[in-house]
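Using the numbering used here, the letters of the sequence shown correspond one by one to residues 4 to 221.
Ideal placement from N, C-alpha and C gives every residue a C-beta, glycine not left out.
Encoded as structure tokens, the structure appears first; notes follow it.
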Amino acid sequence: MPKLSYQWKLRLYFLILLTTLQLLLKSPFNFMVLNVFLAYLPIEFSFWVQHFADRRSLAFWALLVLWLVFYPNTPYVMTDLFHLSWLHPHTSTTGILRSNPKMWLAFALMVLSAFSCAIFGTVEITRISRLLEKMLTPKITGFHLIWIALFSFLAGVGIYIGRFLRLHSIYLFITPSWFFKQLLSIWSWPMLEFVLIMTLLQLLIYWCLQMISRTDFM
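Written as structure tokens, this is what we have:
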């Protein structure tokens, strides 16, 4: 029996995850199916970016742009954890957590979704950043860290747009002029603070994965 590649294992994993969410998550949490699907798209795009890894290839640059536009959907899923408040997890009398199995199942699935998207998204942003370093700045060691920081910052902006302006990545292709008009109007100190927090969160996830990869565990 042929051994599945990392890419196919990940495709199968997200297919199972999406199917599980569709079957087990009920309203008001069924939005997670769409959000996790949108979060998976840039992971899939990243596979193809690496497949066409040639700076002379039009497909490479087109896929890189697609990946960059959709990438904020991946860390965005972490912000969906705020919706766990809809579960009303505490009892009204004592204030302790309820032991309702359905509540804990919804909790487990949402946390699993957020962790999966954050972890595998970070793996792919690292791979693409290393690829760009190899292709564009091969003589500058460690330049991939600049790419990771830049992409994380842009993802933070994308999370802000999606969370507070309720705009999806697809609007960039449908109504680009209107999208950029909205983008230019959002800049403020509170917005920048939010973006920097999200950027730092992504960089800390990257650092944690780097630390794990250097242990005997991996």
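Query, Result
"Option nearest V36 by Cα separation, candidates N76, A56, L186", "N76"
"Local Cβ density within 10 Å of Y9, reported as buried at 16 or more and exposed below that", "exposed"
"CA-to-CA distance, A158 to E136, given in whole angstroms", "19 Å"
"From L207, S191, N33, Y209, residue whose alpha carbon lies closest to that of M113", "N33"
"For H91, three-class secondary structure by DSSP", "coil"
"Per DSSP, the bridge partner or partners of L223", "Since the first residue of the chain shown is 4 and the last is 221, residue 223 is not available in this structure."
"T22 versus K142 - alpha carbon distance", "45 Å"
"Alpha-carbon spacing of I151 relative to G145, whole angstroms", "10 Å"
"Validate contact between the stretch 105–124 and the stretch 72–86 using beta carbons, cut 8 Å, 3 pairs", "yes"
"Coarse secondary structure for L170, derived from DSSP in three states", "coil"
"Given W107 as reference, the closest of K29, V72, Y16, L195 once Cα atoms are compared", "K29"
"Same chain, Cβ closer than 8 Å to P31, neighbours up to 5 away in sequence not counted", "H86, W89"
"Helix, strand or coil at Y74 according to DSSP, with G and I counted as helix", "coil"
"Distance CB(F222)-CB(Y43) smaller than 8 Å", "Because the chain in this structure spans residues 4 to 221, residue 222 falls outside the shown range and cannot be described."
"Local conformation of S116 per DSSP, three classes", "helix"
"C-alpha gap between L126 and S180, whole angstroms", "First, the amino acid is wrong: residue 126 is Val here, not Leu. For V126 and S180, the distance between alpha carbons rounds to 32 Å."
"Cβ-based neighbour list, L41, same chain, cut-off 6 Å, excluding 5 preceding and 5 following", "N76"
"Beta carbon of A182 nearer than 8 Å to that of Y174", "The sequence shown places Phe at residue 182, rather than the Ala named in the question. Yes; because the gap between Cβ atoms is below 8 Å, this pair is in contact."
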